[in-house]
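A.B. asks: From first to last, the protein sequence lines are chains A and B. Everything in the first sequence is counted per this note's numbering, starting at 119 for the first residue and increasing by one. Everything in the second sequence is counted per this note's numbering, starting at 119 for the first residue and increasing by one. Cβ atoms here follow ideal geometry from the backbone N, Cα and C, with glycine treated the same way. In this text, all values refer to a predicted model and were calculated from it rather than measured experimentally. Mind having a look at this structure? Questions to follow.
There are 2 protein chains.
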Amino acid sequence: MKKHDQDFMKRQNRLTVFEIVKNSRPISRAAIAKQTGMSPTTVSRIVNELIEEGYLFESDQVSEGLGRKSTLLDMVNGSVLSVGVELDVAHMNVGIVDLQGQLVCGSRFDKEPDESAERTIERIGEAIGELVELNRIERSHIVGIGVGLPGIVNNGKGLVVFSVQLGWKNVALADRLKALTGYDVAVDNELKVKALAEHLKGAAIGSTHTALLGFGHGVGSALILEGEIYRGEMNSAGEIGHTTVDPNGMMCECGKTGCLQTYINISSLLSEANRIRPVKTIEELFEARRAGEQWAVQLIERALMYMAITVNNIVCMNNPDSVILSGELIEKFPEVYDEVEKLCNSRFIWEPLRGSFTFHRSGLKEQGVVIGSGLLSQNRFFALA
Amino acid sequence: MKKHDQDFMKRQNRLTVFEIVKNSRPISRAAIAKQTGMSPTTVSRIVNELIEEGYLFESDQVSEGLGRKSTLLDMVNGSVLSVGVELDVAHMNVGIVDLQGQLVCGSRFDKEPDESAERTIERIGEAIGELVELNRIERSHIVGIGVGLPGIVNNGKGLVVFSVQLGWKNVALADRLKALTGYDVAVDNELKVKALAEHLKGAAIGSTHTALLGFGHGVGSALILEGEIYRGEMNSAGEIGHTTVDPNGMMCECGKTGCLQTYINISSLLSEANRIRPVKTIEELFEARRAGEQWAVQLIERALMYMAITVNNIVCMNNPDSVILSGELIEKFPEVYDEVEKLCNSRFIWEPLRGSFTFHRSGLKEQGVVIGSGLLSQNRFFALA
């Protein structure tokens, strides 16, 4: 019954009304009531709130057809913008995102060596200020900030519980950034917001069970179920990097042996490569494979096999209709996507589920986290009364 | 937006009203409207339908407190019963389930050797007839039949797509059984209905993210998310038996190598045991382990390790608050549960998620599938207008 408690329904109703106006504008109050099954009183209350707050207005148009004429509601253009932030190991991306999920403007910063969490948060605040000023964004149109980052995030509290990649533990990111900027801040795992963006505006529009996999510096996944991020009990669903794929396998930084990420992620691949000869970058490793160096062929083919196994395991467990492959390894090396898809179809997907889903590349590419973070912030704004 | 379309909301509202009356009876129409946020008109329409259909009645009591007195609604006792059926490799269980999820009466039948699907369905129909007659059940109180079985089920059509255990492929179970009995028939995977039963009436009451694992003749899992069975795109979520745990592992009946079930399920364990000496039953194998025969110790300890790995992998992927271990291996051999829990806590659960969930034995034991199937049928009855 949790889904239908009173608070949840109130928030959901507000978001539903806004979404309907956004997608079917101009539209009458009566039509909204009909589409949602809400009472006319509830619809009127929500609409009046949204008009008062400056997001909707009553247009001159009146509804067509028989019956009483009623004025139609429309959206105030540009009334809603949000800031999306991607926080990664070595850099930050900051962007302004509009209601349609378009990036209005953006900027990118490298992190300083050994930058503290506090300093990083200050720099995000400064970057947002500069972006707003430089692009003459009306401050009052910004409804909030969303931040996506690798690691386990308590999204309710806006707390970064644990991020190996950032070296952060229990950082109250939302509170600190709100104190610096004055805006409400939503924080989430980068793959969750990326998947949300792909579902709303990218490769998986219309999908009801979307799985996004990220293969890069980390290994992770995210599910979007009927339009909503699947979070699990403490927002750490999707941590496939630490599923055990070989109990006799390599030591993982987490203290277990044979975690999936030890076969796939970039630092593991480089550390394995360096058993043979000095290899500084992932590009060098793929170069060695292309040159036919057998050790590099073996190492990368093992990684590709485990990527295909991962797709199978997620498909068996969650039965998605769409699987999006993303992350640095996919985006930098186009052959990786093609080879993983081929391995899946020829060997690794359990036969009864072959053809039960479609493969996709990311539609928003490296913009996914910024756009998704911005959309997350907008969703939260409209859902909170 | 799919979750909030008009049809879905209508069905959900009807079920919600019925659930509230069931759990808070006697209750007024106004209180239902307040608790749900539905309009008084909608509540009245649904309540009137349910009264007309004989499930609710207006009691003599009137609501207390200030304001206008209003009559209170209550349930007609015994007005709703359903039939739950468990269909397994070697036997069938049939039971009558009441609104509280109690088994009113039940019977068990062995299947005949090489019984056809058609014959099995006829025998289910006969068994239901006998059960109803013998226990003087009022036929009009039975709202439908639910059937739980191992395999992939198209739950919308009531079609058994594929069941290795039953040897069935594309069997229109719901249609056939409805033709024989006259009742509406809901069909689903056994672990999904078992998990539903444990969530509603068993070990996981109050849990919002429940994972149930079944270790027995097959290996599978089910998720209950906020009270609803998680199905995925084609109702085959939870098929963990065919996740690959070792690409160099044993040949699975599915044609892949190293599927999880080749390390855990009863027939695989027996087939491995028979490489050493003739072993007919799983009890014999566990006996050999207790007697300290090293090959049996190794074989079972490997299975226990893979069970613990499976718990970790599900926890990493889905982040549940409760994990229920069930199935023949758990229920027949109490040490299995204890050892898997110990292995999980000492070695196999990824450290950040240790303590993020509680372990449970099945609360309904071997009754879970019959009760869950019965409850599934009731849920469907109240959700369909």
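Use the C-beta contact count for D232 of chain A: other C-beta atoms within 10 angstroms, 16 or more gives buried, fewer gives exposed.
C.D. replies: As a working mapping, residue 232 of chain A is identified with position 114 in the first sequence. The residue in question, D232 of chain A, is exposed, as its Cβ has fewer than 16 Cβ neighbours within 10 Å.
A.B. asks: So that I know if they touch, is there some Cβ in chain A lying closer than 8 Å to that of L461 of chain B?
C.D. replies: Sequence index remark: in the second sequence, residue 461 of chain B carries index 343 (1-based). L461 of chain B does not count as touching chain A.
A.B. asks: Could you work out which residue in A:G410, A:E344, A:L295 is closest to I263 of chain A when comparing CA atoms only?
C.D. replies: Translated into the one-based positions of the first sequence, residue 263 of chain A becomes position 145. The shortest Cα separation from I263 of chain A among A:G410, A:E344, A:L295 belongs to A:L295.
A.B. asks: The ligand NAP and S157 of chain B: does the residue's C-beta get closer than 7 Å to at least one heavy atom of that ligand?
C.D. replies: Absent from the structure shown: the ligand NAP. Ligands present: none.
A.B. asks: Is the distance from the Cβ of G202 of chain A to the Cβ of G320 of chain A below 8 Å?
C.D. replies: Looking up residue 202 of chain A in the first sequence gives position 84. Looking up residue 320 of chain A in the first sequence gives position 202. Contact flag unset, no.
A.B. asks: Hey, is H317 of chain A's beta-carbon within less than 8 Å of any beta-carbon in chain B?
C.D. replies: Along the first sequence, read from residue 1 onward, the residue named residue 317 of chain A stands at position 199. No, no contact with chain B.
A.B. asks: Over what stretch of residues does the alpha helix (DSSP H) that includes M156 of chain A continue unbroken?
C.D. replies: Position 38 of the first sequence holds residue 156 of chain A. Careful: M156 of chain A lies outside any alpha helix (DSSP H) and carries neither H nor E.
A.B. asks: By a C-beta neighbour count over all protein chains shown, 10 Å radius and 16 as the cutoff for buried, is N166 of chain A buried or exposed?
C.D. replies: Here the question's residue 166 of chain A lines up with position 48 in the first sequence. The residue in question, N166 of chain A, is exposed, as its Cβ has fewer than 16 Cβ neighbours within 10 Å.
A.B. asks: Report all residues from its chain with a CB closer than 6 Å to the CB of L298 of chain A; omit the five preceding and five following residues, and keep chain order.
C.D. replies: Translated into the one-based positions of the first sequence, residue 298 of chain A becomes position 180. If we look at L298 of chain A and ignore the five residues flanking it on each side, its Cβ neighbours are G243.
A.B. asks: Have a look at the DSSP bridge pairing and note the partners of W286 of chain B.
C.D. replies: Working through the second sequence from its first residue, we reach residue 286 of chain B at position 168. BP columns for W286 of chain B point to B:S281.
A.B. asks: My parser needs the alpha helix (DSSP H) runs of 4 or more residues fully inside the region 369-431 of chain A; what are they?
C.D. replies: Whole alpha helix (DSSP H) segments, 4+ residues: 379-382, 384-391, 400-408.
A.B. asks: From what residue to what residue does the alpha helix (DSSP H) around P244 of chain B run?
C.D. replies: Along the second sequence, one-based indexing puts residue 244 of chain B at 126. As written in the sequence, residue 244 of chain B is Glu, which differs from the Pro given in the question. Segment 235-252, the alpha helix (DSSP H) holding E244 of chain B.
A.B. asks: Return the first residue and the last residue of the beta strand (DSSP E) that A321 of chain B is part of.
C.D. replies: If you number the second sequence from 1, residue 321 of chain B lands on position 203. First-last for A321 of chain B: undefined, no H or E at that position.
A.B. asks: I'd like the span of the alpha helix (DSSP H) that includes R498 of chain A, first residue to last.
C.D. replies: For this step, residue 498 of chain A is matched to residue 380 along the first sequence. That run of the alpha helix (DSSP H) goes 486-501.
A.B. asks: Can you have a look at P180 of chain A and say buried or exposed, based on whether 16 or more other CB atoms are within 10 angstroms of its CB?
C.D. replies: As a position in the first sequence, residue 180 of chain A is number 62, starting the count at 1. It should be pointed out that residue 180 of chain A corresponds to Val in this sequence rather than to Pro. Exposed.
A.B. asks: Do you know offhand how far A406 of chain A's Cα is from D228 of chain A's?
C.D. replies: By 1-based counting over the first sequence, the position of residue 406 of chain A is 288. By 1-based counting over the first sequence, the position of residue 228 of chain A is 110. Near 29 Å, if we compare the C-alpha coordinates of D228 of chain A and A406 of chain A.
A.B. asks: Taking D456 of chain A as part of the alpha helix (DSSP H), name the residues at either end of that continuous run.
C.D. replies: Mapped onto the first sequence, residue 456 of chain A falls at position 338. Element bounds for D456 of chain A: 452-461.
A.B. asks: Name the residue from A:L174, A:L403, A:H209 whose alpha carbon lies nearest to the alpha carbon of V194 of chain A.
C.D. replies: Reading the first sequence from its first residue, position 76 is the one you call residue 194 of chain A. Per the Cα distances, A:L174.
A.B. asks: Between W413 of chain A and S389 of chain A, what straight-line distance do the alpha-carbon atoms span, to the nearest angstrom?
C.D. replies: Along the first sequence, read from residue 1 onward, the residue named residue 413 of chain A stands at position 295. Along the first sequence, read from residue 1 onward, the residue named residue 389 of chain A stands at position 271. Roughly 13 Å between the two C-alpha positions.
A.B. asks: Spatial neighbours of V415 of chain B within its chain, please: CB distance less than 6 Å, with the 5 preceding and 5 following residues excluded, ordered by chain position.
C.D. replies: As a working mapping, residue 415 of chain B is identified with position 297 in the second sequence. Excluding sequence neighbours, V415 of chain B sits near R407.
A.B. asks: Keeping to the same chain, check which residues put their C-beta closer than 6 Å to that of E484 of chain B; ignore five residues upstream and five downstream.
C.D. replies: Locating residue 484 of chain B in the second sequence gives position 366, counting from the first residue. Correct list: empty, nothing qualifies.
A.B. asks: Does DSSP put A355 of chain B in a helix, a strand or coil?
C.D. replies: The sequence position of residue 355 of chain B within the second sequence is 237, counting from 1. Residue state, collapsed to three classes: coil.
A.B. asks: Identify the contact partners of H327 of chain B in chain A, using a Cβ-Cβ distance below 8 Å as the criterion.
C.D. replies: Residue numbering aside, residue 327 of chain B sits at position 209 when the second sequence is read from its first letter. Within 8 Å Cβ-Cβ: G350, E351.
A.B. asks: Among A:G473, A:R143, A:D206, A:G219, which one has its Cα closest to the Cα of L482 of chain A?
C.D. replies: Position 364 of the first sequence, counting from 1, holds the residue named residue 482 of chain A. Closest option to L482 of chain A, Cα to Cα, is A:G219.
A.B. asks: Along chain B, which residues have their Cβ under 8 Å away from the Cβ of G155 of chain A?
C.D. replies: In the first sequence, the residue the question calls residue 155 of chain A occupies position 37. Going along chain B in sequence order, the residues near G155 of chain A (Cβ under 8 Å) are Q124, M127, K128, N131, T160.
A.B. asks: Compare the C-beta of E357 of chain B against all C-beta atoms of chain A and say whether one is closer than 8 Å.
C.D. replies: Within the second sequence, residue 357 of chain B is the residue found at index 239, counting from 1. Interface residue, yes.
A.B. asks: Using a threshold of 8 Å, state whether the C-beta atoms of D456 of chain B and T326 of chain B are closer than that.
C.D. replies: Within the second sequence, residue 456 of chain B is the residue found at index 338, counting from 1. Within the second sequence, residue 326 of chain B is the residue found at index 208, counting from 1. Taking 8 Å as the Cβ cut-off, D456 of chain B and T326 of chain B do not qualify as a contacting pair.
A.B. asks: Compute the distance between the beta-carbons of L447 of chain B and G334 of chain B, then report whether it is under 8 Å.
C.D. replies: Numbered from its first residue, the second sequence carries residue 447 of chain B at position 329. Numbered from its first residue, the second sequence carries residue 334 of chain B at position 216. Taking 8 Å as the Cβ cut-off, L447 of chain B and G334 of chain B qualify as a contacting pair.
A.B. asks: How many angstroms separate the CA atom of R420 of chain A from the CA atom of Y348 of chain A?
C.D. replies: Looking up residue 420 of chain A in the first sequence gives position 302. Looking up residue 348 of chain A in the first sequence gives position 230. For R420 of chain A and Y348 of chain A, the distance between alpha carbons rounds to 30 Å.
A.B. asks: Is there a C-beta anywhere in chain A that falls below 8 Å from the one on K374 of chain B?
C.D. replies: For this step, residue 374 of chain B is matched to residue 256 along the second sequence. Cβ-Cβ to chain A under 8 Å: yes for K374 of chain B.
A.B. asks: Pick helix, strand or coil for G338 of chain A, following the three-state DSSP scheme.
C.D. replies: Counting from 1 along the first sequence, the entry for residue 338 of chain A is found at position 220. In the structure shown, G338 of chain A sits in a strand (DSSP, three-state: E or B).
A.B. asks: Taking only beta-carbon positions, decide if N436 of chain A is within less than 8 Å of chain B.
C.D. replies: Taking the first sequence and counting its residues from 1, one reaches residue 436 of chain A at position 318. So yes, N436 of chain A belongs to the interface.
A.B. asks: Given D364 of chain B, which residues of its chain have a CB within under 7 Å of its CB, disregarding the five upstream and five downstream residues?
C.D. replies: Counting from 1 along the second sequence, the entry for residue 364 of chain B is found at position 246. The answer, listed in chain order, is G376.
A.B. asks: Per DSSP, which one or two residues make a beta bridge with S188 of chain B?
C.D. replies: For the purposes of this step, residue 188 of chain B is taken as the residue at position 70 of the second sequence. In the DSSP output, where bridge partners are listed per residue, S188 of chain B has none listed.
A.B. asks: Is there a Cβ from chain B that is less than 8 Å from the Cβ of I323 of chain A?
C.D. replies: Reading the first sequence from its first residue, position 205 is the one you call residue 323 of chain A. So, not an interface residue.
A.B. asks: So if DSSP puts S464 of chain B in a beta bridge, which residue, or which two residues, is it bridged to?
C.D. replies: For the purposes of this step, residue 464 of chain B is taken as the residue at position 346 of the second sequence. Note: S464 of chain B sits in no beta bridge, so no partner.
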